[in-house]
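Here the protein sequences come in this chain order: E and S.
Read the first sequence against numbering that gives the first Met the number 0 and you will find it ends at 119, with the numbers running on by one and no gaps.
Read the second sequence against numbering that gives the first Met the number 0 and you will find it ends at 614, with the numbers running on by one and no gaps.
Note that CB positions come from ideal geometry on N, CA and C, so glycine has one too.
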Amino acid sequence: MARILIIEDNAANMELMTYLLKAFGHTVLSARDGAQGIDLARQERPDLIACDIQLPKVNGYEVARQLKATPELAAIPLIAVTALAMVGDREKVLAHGFDGYLTKPIDPTTFVGLLEQHLS
Amino acid sequence: MSTTVDAISRDGNPDAVVVMTPDGLVSHWNAGAHEMFGYTAEEALGRSYVQLVVPQEQQAGEQALLRSLSLAVTTREALRQRRDGALVYADITYRAIGDPDGNVEHILSCEKDVSDLRVLRLSKLMDARFGQLLESMPDGIVMAGPTGRILVANSQAERLFGFERGELRGKLIEVLLPERYHAGHVGHRSGYFDKPRTRSMGAGLELFGRRKDGTEFPVEISLSPLQTEEGTLVMSAIRDISERLKAERKFRGLLESAPDAIVIVNQAGHIVLVNSQSEKLFGYPREALLGKPVEMLIPARFHDTHPGHRKGFFSGPQPRSMGAGLELYGVRSDGTEFPVEISLSPLDTEEGVLVSSAIRDISERHRLELVLREKNVELEAAAMAKDRFLASMSHELRTPLNAILGFTGVLQMRLPGPLTEDQEKQLQTISSSATHLLSLINDLLDLAKIESGKVELSAVEVLYQDVIAEVASTLSPLAERKGVNFHTHLPEAPLTGFTDRRAVSQIIINLINNAIKFTDAGGRVSVTLSRRLEHDIGFTDISVEDTGCGIREEDQVSLFQAFSQVNADAGQYREGTGLGLHLSQKLAVLLNGTIAFKSEYGRGSTFTLSLLEKK
């Protein structure tokens with residue numbers, strides 16, 4: 000079982016993802032904004048990070064930049080879970096350093112499985 | 000008695016009888032003198048005879064003659080000038096009367112107007128000498144002497160003025176002039192003999208001739224002196240210029256009717272003709288423009304280069320616009336500049352090649368262009384704002400849907416615990432409604448992007464078999480769940496095209512989705528890929544055929560309109576946004592393709608996407 004950090008400002012969506020991951024036996028760490036997310040990542044060294052893009056204080060792109068610029072954190076799989084789902088968004092997100100891209104609304108039957116694919 | 004006879008011979012004499020003092024002052028002036036010279040006795044008495052009636056250039060000689068008179072009789076023929084300026088030939092007899100010592104006390108002058116005789120004589124002489132020559136000339140020619148009597152007129156002149164052959168001879172030249180010019184003309188013609196030279200008459204004035212019947216016509220006249228042993232004569236060549244004026248008037252009318260300012264310039268760069276639009280445009284009266292260098296209408300900074308351009312034009316003159324691609328400016332009389340557009344054309348005239356330039360003030364157009372540019376910037380900003388709005392719409396609508404669909408799924412996965420049958424059914428309704436809402440959002444956003452031209456197509460080489468197989472694999476589970484038989488018929492030979500893969504996929508997905516949606520369990524949906532030639536142009540056809548409910552004829556016209564989803568039976572609910580076909584049609588147009596369909600109500604429908612097979 001893995002320790003997964005979720006960075007998400009929307010309470011309902013945070014609750015959804017937390018519930019799903021816990022149901023599948025994972026441990027969930029949660030951050031409400033980008034800055035808090037980066038701090039938590041430094042302190043806790045999670046196995047995987049699921050991160051929204053539109054976040055208060057520090058947005059998802061900046062989170063990706065800082066994490067990937069930190070050698071001891073760069074290897075942690077960083078998956079974007081975002082409502083930015085228009086043409087070109089996927090390419091843009093991946094170009095900013097994310098290792099995966101899932102669009103909202105998520106499919107609860109496949110969500111956990113897709114994240115788990117990124118766990119070595 | 001003798002006094003009476005004297006008086007009669009003096010005052011009753013039809014000839015002019017003038018008595019003067021030895022100094023030449025008039026002391027007696029009879030009725031004949033009044034008649035001949037036009038002065039009354041009251042006007043003449045006490046004045047100098049010479050100054051009164053002798054033409055100016057002969058006055059000195061005449062004065063000398065009078066002073067040297069001996070007590071004898073002198074008879075001769077000489078010119079005399081009437082009060083109205085007209086010259087007449089007079090037969091003059093001077094007689095000096097004095098005391099026995101030879102001192103002159105009075106001078107008696109008897110004068111007789113012999114103009115008629117002299118004209119007749121001269122006329123015969125000149126006719127004999129020049130008659131044939133004058134007949135050969137194209138213009139009307141009239142020859143006259145100082146008295147203004149016509150000596151010779153050629154038949155062209157007589158025809159021109161409507162006279163019979165020979166009818167003009169001996170008549171005063173004024174008979175050919177409108178009456179309003181008579182008085183002035185007598186002075187002019189007498190003056191001509193003072194300084195005779197070849198010149199045109201009345202330069203810059205409009206001249207008119209007068210026919211025998213009183214009608215007038217515009218003329219051009221040139222005068223030349225002719226020295227003969229009978230004295231100086233004048234020859235006038237007269238040309239009727241009615242036709243030319245008419246043509247000129249037509250040309251001028253044409254100029255005036257042009258919407259542009261027209262300035263005509265000669266090879267020296269001087270303005271020779273302008274229309275009134277030019278006066279308005281540049282703020283000069285016509286007189287201030289004519290004869291001036293055209294550079295006065297051009298801003299000073301172009302003065303150095305313009306004459307060179309001007310010469311360049313004359314070296315190969317042909318109609319063209321001036322300074323193509325350059326911004327041209329005119330300058331008004333008050334010094335203000337304005338942008339212009341100029342077209343040039345050569346004008347072949349009697350005065351050589353001229354250049355006619357049509358000048359249009361394009362200030363207004365410039366202003367509009369500026370406004371348009373500003374508007375464009377605004378529109379671009381608005382389009383960008385719209386894009387941002389669409390993006391945030393998409394984001395904001397998806398965020399709450401995430402929780403709705405997610406927790407519905409969580410419940411359906413029974414993660415929190417078991418469900419009753421009712422709960423399961425109700426959760427299914429929530430789930431399908433929310434999914435429907437999501438497709439609506441997706442389709443609407445796609446549509447908005449197509450409408451604003453923001454859909455970027457990237458054409459790549461595609462293998463149609465691949466595209467269809469991929470779409471089929473995603474949709475066959477749907478068909479399976481519904482109990483619909485789903486097949487693809489793909490040719491062996493690879494069919495390729497150069498197009499946008501995503502757009503083609505989206506259209507096929509929409510068409511197959513619809514087919515499955517409107518076909519009941521046990522029905523059949525098949526996709527066929529084929530190639531077709533039409534007038535040597537290759538097309539790739541992708542047909543989706545179903546055995547569904549079909550489309551009623553009255554519904555077929557509105558099929559591709561947004562939200563026009565037709566319900567096979569009232570009340571029967573079909574999943575879908577009602578945007579699918581509308582969207583597919585728009586995408587097909589972007590791909591230079593078409594979507595055609597045939598349908599039989601109750602039997603099924605076939606939708607065919609046809610794409611141009613390029614290369």
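Asked: Return the first residue and the last residue of the beta strand (DSSP E) that residue 234/S is part of.; Found: 230-239
Asked: Within 7 Å (strictly less), CB to CB, does residue 107/E reach chain S?; Found: yes
Asked: For the alpha helix (DSSP H) holding residue 184/S, just list the boundary residues, first then last.; Found: 181-191
Asked: Does the stretch 249-257 of chain S come into contact with the stretch 212-222 of chain S, if we say contact requires no fewer than three beta-carbon pairs (one atom in each stretch) closer than 8 Å?; Found: no
Asked: Nearest-angstrom Cα distance between residue 277/S and residue 230/S?; Found: 52 Å
Asked: Report yes if the CB atom of residue 144/S is closer than 7 Å to the CB atom of residue 83/S, and no otherwise.; Found: no
Asked: If we ignore side chains and look at the alpha-carbon of each, how far apart do residue 397/S and residue 8/E end up?; Found: 14 Å
Asked: May I have the straight-line CA-CA distance separating residue 72/E from residue 523/S, to the nearest angstrom?; Found: 54 Å
Asked: For residue 107/E and residue 580/S, I'd like the C-alpha separation in whole angstroms.; Found: 30 Å
Asked: Have a look at residue 113/E and residue 3/E and give me their C-alpha separation to the nearest angstrom.; Found: 13 Å
Asked: Taking just the CA atoms, how far does residue 45/E sit from residue 438/S?; Found: 35 Å
Asked: Taking 7 Å as the CB-CB limit, is residue 11/E close to chain S?; Found: yes
Asked: Within 7 Å (strictly less), CB to CB, does residue 82/E reach chain S?; Found: yes
Asked: Return helix, strand or coil for residue 160/S, following the three-state DSSP convention.; Found: helix
Asked: So which residues on chain E does residue 435/S lean against when the C-beta distance must stay under 7 Å?; Found: By Cβ distance, chain E contributes nothing, its closest Cβ being about 13 Å from residue 435/S, past 7 Å.
Asked: What's the C-alpha gap between residue 608/S and residue 526/S?; Found: 11 Å
Asked: Smallest Cα separation from residue 234/S: which of 387/S, 221/S and 409/S?; Found: 221/S
Asked: What residues are listed by DSSP as bridge partners for residue 526/S?; Found: 487/S and 543/S
Asked: Enumerate in chain order the residues of its own chain whose CB-to-CB distance from residue 507/S is below 8 Å, with the five nearest sequence positions on each side excluded.; Found: 466, 467, 470, 526, 541, 543 and 608
Asked: Can at least three beta-carbon pairs, one atom from the stretch 257-271 of chain S and one from the stretch 348-360 of chain S, be found at a separation below 8 Å?; Found: yes
Asked: Using a Cβ-Cβ cut-off of 6 Å (strictly less than) and excluding sequence neighbours within five positions of residue 329/S, which residues of its own chain qualify?; Found: 296, 337 and 339
Asked: Closer than 8 Å between beta carbons: that is the criterion. Which residues of the stretch 88-103 of chain E meet it against chain S?; Found: 102 and 103
Asked: Distance check for residue 107/S and residue 13/S, CA to CA, integer angstroms please.; Found: 15 Å
Asked: Leaving aside the five residues before and after residue 569/S along the sequence, list all residues of the same chain whose C-beta is less than 7 Å from its C-beta, in chain order.; Found: Any reading at residue 569/S needs caution, since the residue's pLDDT is 41, under 50, leaving its predicted position unreliable; the model's value is listed next. Cβ neighbours of residue 569/S beyond the five flanking positions: none.
Asked: Whose Cβ in chain S lies nearer than 7 Å to the Cβ of residue 19/E?; Found: 409
Asked: Buried or exposed: which applies to residue 156/S, given that a residue is buried once 16 or more other Cβ atoms fall within 10 Å of its Cβ?; Found: buried
Asked: Cβ of residue 426/S within 7 Å of Cβ of residue 410/S?; Found: yes
Asked: Is it right to say residue 490/S is buried, meaning 16 or more other beta carbons lie within 10 angstroms of its own, or is it exposed?; Found: exposed
Asked: List the DSSP bridge partners of residue 585/S.; Found: Paired residues: none, contrary to the question.
Asked: Helix or strand or just coil, what does DSSP make of residue 577/S?; Found: coil
Asked: Can you tell me where the beta strand (DSSP E) with residue 451/S in it begins and where it stops?; Found: Careful: residue 451/S lies outside any beta strand (DSSP E) and carries neither H nor E.
Asked: In whole angstroms, what is the alpha-carbon distance linking residue 499/S and residue 461/S?; Found: 8 Å
Asked: So residue 321/S contacts chain E; which residues on that side make the cut at Cβ distance below 8 Å?; Found: Near residue 321/S there are no residues of chain E at all, since even the closest Cβ is about 49 Å away, more than 8 Å.
Asked: Since residue 400/S meets chain E, which of its residues come closer than 7 Å, beta carbon to beta carbon?; Found: 104
Asked: To the nearest angstrom, how far is it from the Cα of residue 546/S to the Cα of residue 486/S?; Found: 13 Å
Asked: Can you find a CB in chain A that lies within less than 7 Å of the CB of residue 397/S?; Found: The structure shown contains no chain A; its protein chains are E and S.
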